[in-house]
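Working notes, beginning with the structure itself.
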Amino acid sequence: MHVGAYFARRARGSWSNSAPSVVGGPITFKGEGMKITRLIALLCLLGGVANAQPHNNLQGSDTLAFYTRALINALGLGGQLTYAGGGSALGIRAAITARTDDPSQRVNPSSRFVNDTEIAQAAANDLRFVDYVLGLDAVVIHVNNAGNPALTRMAFSDARQIWQCNETNWSQVPGSDRTDSILVLARDEFSGTTDNFVSRIGGFNQTPPDSWWNNYPCVNVCRGDGCTQIIGVTTANIANAVGYTGLPGLMSGNRDLALCNDTNPPRTCTDPDYVFQSIDTIRDTSYPLARQLHMYHVEGISDSFGPLTPQSDLLAGAMNPTVACPILQANDFVPVAGFCP
Amino acid sequence: MKFIPALTAAILISSTAFASESGGTFAVIVNQGNHTEEVGPGTLRGIFGGTITDWSGVEESGMTGPILALRLVDSHPVTQAFATRIQLAQFGNSINVIRGSAAPMIIAIVIAMNSRAIGVDDPAALIAGDRRVEIDD
């Protein structure tokens, strides 16, 4: 599926604005305005409630670790809220069990969409996810700038061969003039960035769920909230390295590649099919690995269960351009069109 | 974070690697710009247990700013030797874990490039830009 169609199906119209949208469960809202009104009302009601919960240590996207921590600091929530990260999958898991956990995580930053299994698991607990798109990002494949000068682009089929360890020498990779082994880097299995990467490139054996990269022994895997920087530093300094991260992994010494999605017919790439990431190609999704960044929260399907302060304050902060826009910019994320002045 | 240009130095061979009863050897390493000479096992337990996350909590460093901590996987002899040596029951979730055949080299490079990094690594992987920290009992 073309990434544009993917977003259109899953994002339910939130690509060009920042209104939250329900994901899974019965859709009972009458329209976007109603959703916003209901959410604002909820936030207003809860905003003044004293925090009676234990200290909140949130799990979620490592890509969004610096963003979320900066948001916590900007909102003055540092005494009540900390962000552990760990990967989008862990934040989603925590939200699914929000009704029974203490403390309860009801807001989860994620660099990928919740999937159908997670939606069903939440529904079994009488919960549904509400999606707020906090900004846009791109998964970028990067190589050493000086060490791989001839390589400027890559088709998904070649990326698949590299990360599945079928192409282990640069001489096998079209466009590269290197002839030595490939040092392959990846984020771990809980990472939303990894989920975006492998689900769109396709063909990966993702069992067992928590350690499936072991099926591909050439891959060096990083787990933790510093991995975007760690992988970026490695490709910036090792001539034969290749890795993927969000945009903050790009730095002096490495360089991202133009990408072509040849997974779907016609399964070939001509020159115009290779697209570099840019604000425009991320917003119009012509860049094959453009993605949305999410601040999900869970709410009750049959009752008023939802985020409490300070988590509701975090959610409100992500929706406030005055607070969020400088943080998006500092993290090199792309604001949704019309969100930032 | 400030990164310096590409590495040119050769691998340095350790002469003072720590050894443990489990037979593994390890080195606690920081960036050469970090002036920490010695650190106690309690502080290391705090860093790698995830309770000390800022250099301001490491008095010996004279630094401030978030700590970027790295290690190898639980099953690696280096990790086991280190955990035994400082009596660390469990690593913190905030510690970055690298797995794979190039993991020791990756840790060494990242630390050499990042003044706020600290890691536990194979002593043979150290490069110019890394500096070993002694454990002060």
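Chains A and B, in that order, give the protein sequences. Those letters in the first sequence? Residues 0 to 340, by numbering that gives the first Met the number 0. Those letters in the second sequence? Residues 0 to 136, by numbering that gives the first Met the number 0. For glycine and all other residues, C-beta sits at the position ideal for the given N, C-alpha and C. As the structure is a prediction and not an experimental result, all values here were calculated from the model.
Residue i versus residue j: straight-line alpha-carbon distance, rounded
{"i": "G59 (chain A)", "j": "G146 (chain A)", "result": "34 Å"}
{"i": "D100 (chain A)", "j": "A149 (chain A)", "result": "52 Å"}
{"i": "L182 (chain A)", "j": "T227 (chain A)", "result": "16 Å"}
{"i": "A257 (chain A)", "j": "D130 (chain A)", "result": "29 Å"}
{"i": "S251 (chain A)", "j": "A119 (chain A)", "result": "43 Å"}
{"i": "G299 (chain A)", "j": "G49 (chain B)", "result": "34 Å"}
{"i": "V132 (chain B)", "j": "A185 (chain A)", "result": "29 Å"}
{"i": "A158 (chain A)", "j": "I200 (chain A)", "result": "8 Å"}
{"i": "I46 (chain B)", "j": "G91 (chain B)", "result": "8 Å"}
{"i": "P173 (chain A)", "j": "P216 (chain A)", "result": "22 Å"}
{"i": "N214 (chain A)", "j": "N204 (chain A)", "result": "7 Å"}
{"i": "A68 (chain B)", "j": "N239 (chain A)", "result": "24 Å"}
{"i": "G248 (chain A)", "j": "I230 (chain A)", "result": "7 Å"}
{"i": "G118 (chain B)", "j": "V21 (chain A)", "result": "42 Å"}
{"i": "P40 (chain B)", "j": "D136 (chain B)", "result": "7 Å"}
{"i": "A73 (chain A)", "j": "P325 (chain A)", "result": "10 Å"}
{"i": "P76 (chain B)", "j": "T24 (chain B)", "result": "7 Å"}
{"i": "P334 (chain A)", "j": "S87 (chain A)", "result": "20 Å"}
{"i": "G46 (chain A)", "j": "L327 (chain A)", "result": "Its pLDDT being 37, under 50, G46 (chain A) is placed unreliably by the model, and the measurement read from it follows with that caveat. Each residue's alpha carbon lies about 24 Å from the other."}
{"i": "H34 (chain B)", "j": "G61 (chain B)", "result": "8 Å"}
Residue i, DSSP secondary structure in three states
{"i": "E188 (chain A)", "result": "coil"}
{"i": "E166 (chain A)", "result": "coil"}
{"i": "I118 (chain A)", "result": "helix"}
{"i": "F338 (chain A)", "result": "coil"}
{"i": "R130 (chain B)", "result": "strand"}
{"i": "V241 (chain A)", "result": "strand"}
{"i": "P122 (chain B)", "result": "helix"}
{"i": "N107 (chain A)", "result": "strand"}
{"i": "S198 (chain A)", "result": "helix"}
{"i": "M250 (chain A)", "result": "coil"}
{"i": "S20 (chain A)", "result": "strand"}
{"i": "C221 (chain A)", "result": "strand"}
{"i": "Q291 (chain A)", "result": "strand"}
{"i": "N33 (chain B)", "result": "coil"}
{"i": "I300 (chain A)", "result": "coil"}
{"i": "G91 (chain B)", "result": "coil"}
{"i": "I66 (chain B)", "result": "coil"}
{"i": "G305 (chain A)", "result": "coil"}
{"i": "I117 (chain B)", "result": "strand"}
{"i": "D283 (chain A)", "result": "coil"}
{"i": "D100 (chain A)", "result": "coil"}
{"i": "D179 (chain A)", "result": "coil"}
Exposure label - residue i; buried when at least 16 CB within 10 Å
{"i": "R266 (chain A)", "result": "exposed"}
{"i": "T116 (chain A)", "result": "exposed"}
{"i": "S93 (chain B)", "result": "buried"}
{"i": "E36 (chain B)", "result": "exposed"}
{"i": "Q276 (chain A)", "result": "buried"}
{"i": "N195 (chain A)", "result": "buried"}
{"i": "N219 (chain A)", "result": "buried"}
{"i": "I97 (chain B)", "result": "buried"}
{"i": "P264 (chain A)", "result": "exposed"}
{"i": "S341 (chain A)", "result": "The requested residue 341 (chain A) is not part of the displayed model; chain A covers only 0 to 340."}
{"i": "G90 (chain A)", "result": "buried"}
{"i": "D187 (chain A)", "result": "buried"}
{"i": "G191 (chain A)", "result": "buried"}
{"i": "P207 (chain A)", "result": "exposed"}
{"i": "D341 (chain A)", "result": "Limits of chain A in this structure are 0 at one end and 340 at the other, which puts residue 341 (chain A) out of reach."}
{"i": "I278 (chain A)", "result": "exposed"}
Within chain A, the residues that residue i reaches when beta carbons sit closer than 7 Å
{"i": "M112 (chain B)", "result": "V232 and N236"}
{"i": "G99 (chain B)", "result": "V218, N219 and V220"}
{"i": "V96 (chain B)", "result": "R222 and G223"}
Within chain A, partners of residue i - CB distance below 8 Å
{"i": "S93 (chain B)", "result": "A83, G84, G223 and D224"}
{"i": "I108 (chain B)", "result": "V232, T233, N236 and I237"}
Start and end residues, alpha helix (DSSP H) containing residue i
{"i": "G316 (chain A)", "result": "Q310 to A317"}
{"i": "C226 (chain A)", "result": "C226 to N236"}
{"i": "L43 (chain B)", "result": "P40 to G48"}
{"i": "Q205 (chain A)", "result": "First-last for Q205 (chain A): undefined, no H or E at that position."}
Extent of the continuous beta strand (DSSP E) to which residue i belongs
{"i": "F25 (chain B)", "result": "T24 to N30"}
{"i": "R98 (chain B)", "result": "N95 to R98"}
{"i": "F128 (chain A)", "result": "L126 to D130"}
{"i": "T81 (chain A)", "result": "L80 to G85"}
{"i": "D255 (chain A)", "result": "N253 to D255"}
{"i": "R152 (chain A)", "result": "R152 to A154"}
{"i": "A101 (chain B)", "result": "From DSSP, A101 (chain B) is part of no beta strand (DSSP E); its letter is neither H nor E."}
{"i": "V142 (chain A)", "result": "V139 to N143"}
{"i": "L57 (chain A)", "result": "N55 to G59"}
Per-residue contacts from residue i into chain B (C-beta, under 7 Å)
{"i": "L182 (chain A)", "result": "A101"}
Any non-hydrogen atom of the ligand NAP closer than 7 Å to residue i Cβ
{"i": "D255 (chain A)", "result": "You won't find the ligand NAP in this model; it holds no ligand whatsoever."}
9 Å Cβ cut-off: residues of chain A touching residue i
{"i": "L125 (chain B)", "result": "Correct list: empty, because the minimum Cβ distance to chain A is about 15 Å."}
{"i": "I43 (chain B)", "result": "In the sequence as displayed, the identity of residue 43 (chain B) is Leu instead of Ile. Result: empty, since nearest Cβ-Cβ is about 18 Å, beyond 9 Å."}
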